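What follows is a single structure, written as structure tokens, with notes after it.
Number of protein chains: 2
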Amino acid sequence: MQQAIAILDSGVGGLTVVKEVMRQLPREKIIYFGDTARAPYGPRPADEVLKFTGQIVDFLIQFDPKVIVIACNTATAAALDEISSRVSVPVIGVIHPGARAAISATNTGRVGVIGTVGTIRSGAYTTALKQLSPYIEIVSLACPSLVPIVERGEFRSENVSLIVQESLSPMKNYNIDCLILGCTHYPFLRETIQEVMGPHVKLISSADETARETSTILYNKGKLASGDTLPIHQFYCSGDPLLFRSIARQWLGEQIRNIPVLWQVTRLG
Amino acid sequence: MQQAIAILDSGVGGLTVVKEVMRQLPREKIIYFGDTARAPYGPRPADEVLKFTGQIVDFLIQFDPKVIVIACNTATAAALDEISSRVSVPVIGVIHPGARAAISATNTGRVGVIGTVGTIRSGAYTTALKQLSPYIEIVSLACPSLVPIVERGEFRSENVSLIVQESLSPMKNYNIDCLILGCTHYPFLRETIQEVMGPHVKLISSADETARETSTILYNKGKLASGDTLPIHQFYCSGDPLLFRSIARQWLGEQIRNIPVLWQVTRLG
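Chains A and B, in that order, give the protein sequences.
Every letter in the first sequence is one number past the one before it in the numbering used here, and letter 156, counting from 1, is 156.
Position in the second sequence (from 1) plus 1000 gives the number in the numbering used here.
Given below as structure tokens:
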């Protein structure tokens, strides 16, 4: 049987990684777990996020995936190192791909990062960026109001514009040329964020970049799927399946219209 | 002693990878070999390119590098698999990073590739793109006139515009939204290529993308350089050292103004 790419998130944010993996690697089978019953992870203490992430990994590892993608910045900051040392398959987080893409994209070296309270407090982007280049200047900002609007399925409205505007206003004083969307929920709000920041600021989606690096790593390990059979993806969530499925269908759109998908609800912990 | 990133090319084209590695990974030491005495590789038969690449790798491996980057599309197409199986350090070619970046960047799925006769004849980009996604449409075009103008240090002039225009004219009929610069010499001509193709076509530099993936692979192997000591880079070429040094200084510009560099001439074969 074809080994899958396992992707996990606190809720629906990781679907932004799913969408890009489906687009960039259409032959790959995906098994997704969204911990919607316990989302958001952003305000939770790091040890709780580590525990929850460990439970999801224990669930996903049963499917013998070829790679595990922690498609949540908060969980990556809290759990990537521990999970990597615990399982034998490669584990990919979303923070380093975003950091590498920002360093590749910036011209001025002034990079902004937005994320949850947990991600920003961890300093994980600053560490990752500084590890690559000591010359980068970083402006970090926690935007705790953004995940809840995405988790309830609100992507584009006057209310969204107001919340995004208010959340990002401190970032507008710093002359950055590149902004890392350091939370996989934020690409749902990409258009509004671009409008608020202006056209001269390049937006880096940690989700898109993680899909690309998953492709790099699978290629380098000789693990890319081949053949012409369409994969059957599997989606699991821990909370309300109707809301989850509706957001997934809306976001993934045409990419799941013609392919078989299995939907399941599973409680953890 | 700090292990270096070894980078090789048929001539000066690989300096486009060097420039990006210096920018994205300023702590990393680089050892470069440009086979300027035998450039261009593009029109040569594949077995000759394989032999020349093997000789350069034998030279570079003496320095105990942590990774070898074949910063030449022609040499990647002809020699990547064989070199990878022959040495124990990771070997990175320029074709797959460019292919992955194009799949990530395209919206319409219509991707153009320009390269040398050797690269285009090998079909290596088509194979790499189709391995990732069966839905990509690819238009390939050999542009044999472009490498010689770069190798003689001519980057921007009316003559360059005319040659680029003539070389790319067959590509303009195909409604692509993304063009892979499938030769590391072409970023020297980037501005002219962008003018000829128009602003709606995204240019993908296999050089930039390879630097980024070198970063990914070193990170995943725990091999990124740390510390605050500036590395001393080493540049070797097989032909005229004055022309090589002048092109390198012009292209790398401020990035080598304040750092120590060792220049050498070495004949191979």
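Using N, Cα and C, we set each Cβ at its ideal position, and we do this for glycine too.
Quick caveat: nothing in here was measured; it's all calculated off a predicted structure.
Counting every other CB atom within 10 Å of its CB across the protein chains shown gives A:F33 a total of 16 or more, marking it as buried. The DSSP assignment places 91-93 as complete runs of the beta strand (DSSP E) inside the stretch 78-106 of chain A, in order along the chain (cut-off: 3 residues). Only S215, T216, I217, Y219, N220, L224, S226, D228 from the stretch 214-242 of chain A bring a Cβ to less than 9 Å from some Cβ of chain B. Under the Cβ criterion of 8 Å, A:D64 is not counted among the residues facing chain B.
The stretch 240-252 of chain A and the stretch 42-51 of chain A do not touch, with fewer than three beta-carbon pairs separated by less than 8 Å. When secondary structure is reduced to three states using DSSP, A:F33 falls in the strand class. In this structure B:A1077 is not in contact with B:I1103, their Cβ atoms being roughly 18 Å apart against a cut-off of 8 Å. B:R1044 and B:V1012 have their C-alpha atoms some 17 Å from each other. Judged by beta-carbon spacing, A:L60 lies beyond the 8 Å limit of A:I83, meaning their Cβ atoms are not closer than that value.
For the stretch 1187-1214 of chain B, residues whose beta-carbon sits nearer than 9 Å to a beta-carbon of chain A comprise D1208, E1209, A1211, R1212, E1213. Taken atom to atom, the span from the alpha-carbon of A:T229 to that of B:T1106 is near 23 Å. In the DSSP assignment, A:L8 is bridged to A:F33, A:I70.
Contact between B:K1029 and B:P1231 is confirmed by a C-beta separation of about 4 Å, below the 8 Å threshold. A:L132 counts as buried, since at least 16 other C-beta atoms from the protein chains shown sit within 10 angstroms of its C-beta. Between the stretch 246-253 of chain A and the stretch 1008-1022 of chain B, the count of C-beta pairs closer than 8 Å stays below three; the two stretches do not touch. Apart from sequence neighbours up to five positions away, the residues of its chain that approach B:K1223 with a beta-carbon distance below 6 Å are K1066, ordered along the chain.
Around the beta-carbon of A:T266, fewer than 16 other beta-carbon atoms lie within 10 Å, marking it exposed.
Looking at the DSSP output, B:L1203 bridges to B:L1179. If you draw a straight line from the Cα of A:Y174 to the Cα of A:G112, it comes to about 8 Å. Note on B:M1001: under 16 other CB atoms within 10 angstroms of its CB, so exposed under the neighbour-count rule. In the same chain as B:Q1165, and ignoring 5 residues on each side of it, the C-beta atoms closer than 8 Å to its own belong to V1196, in chain order. For a Cβ distance threshold of 9 Å, residue set R23, Q24, L25, P26, R27 of chain A lies close to B:S1133, ordered along the chain. With a threshold of 8 Å between beta carbons, B:S1104 makes contact with chain A. Close to A:R86, with beta-carbon spacing below 7 Å, lies no residue of chain B; the smallest spacing is near 17 Å. Taking a Cβ-Cβ cut-off of 8 Å, the neighbours of A:R100 in chain B comprise Q1024, R1212, S1215, T1216, Y1219, given in sequence order. A:I217 is a Cβ neighbour of A:P90, given a cutoff of 8 Å. Contact of A:H185 with chain B is not assigned, every C-beta pair being separated by 8 Å or more. Ranked by Cα distance from B:I1005, the options B:R1038, B:D1035, B:I1068 are led by B:I1068. A:G115 places its beta carbon less than 8 Å from that of A:G182.
B:Y1236 carries a strand assignment under DSSP once its states are collapsed to helix, strand and coil. DSSP places A:E154 in the coil class of the three-state scheme, outside both helix and strand. Around the Cβ of B:Q1024, a 10 Å sphere holds 16 or more other Cβ atoms; the residue is buried. In the displayed model, A:R249 falls within a helix according to three-state DSSP.
With a cutoff of 8 Å on beta-carbon distance, A:T16 and A:S205 are scored as near each other. A:A211 carries a helical assignment under DSSP once its states are collapsed to helix, strand and coil.
Judged by DSSP in its simplified three-state form, B:E1020 adopts helix.
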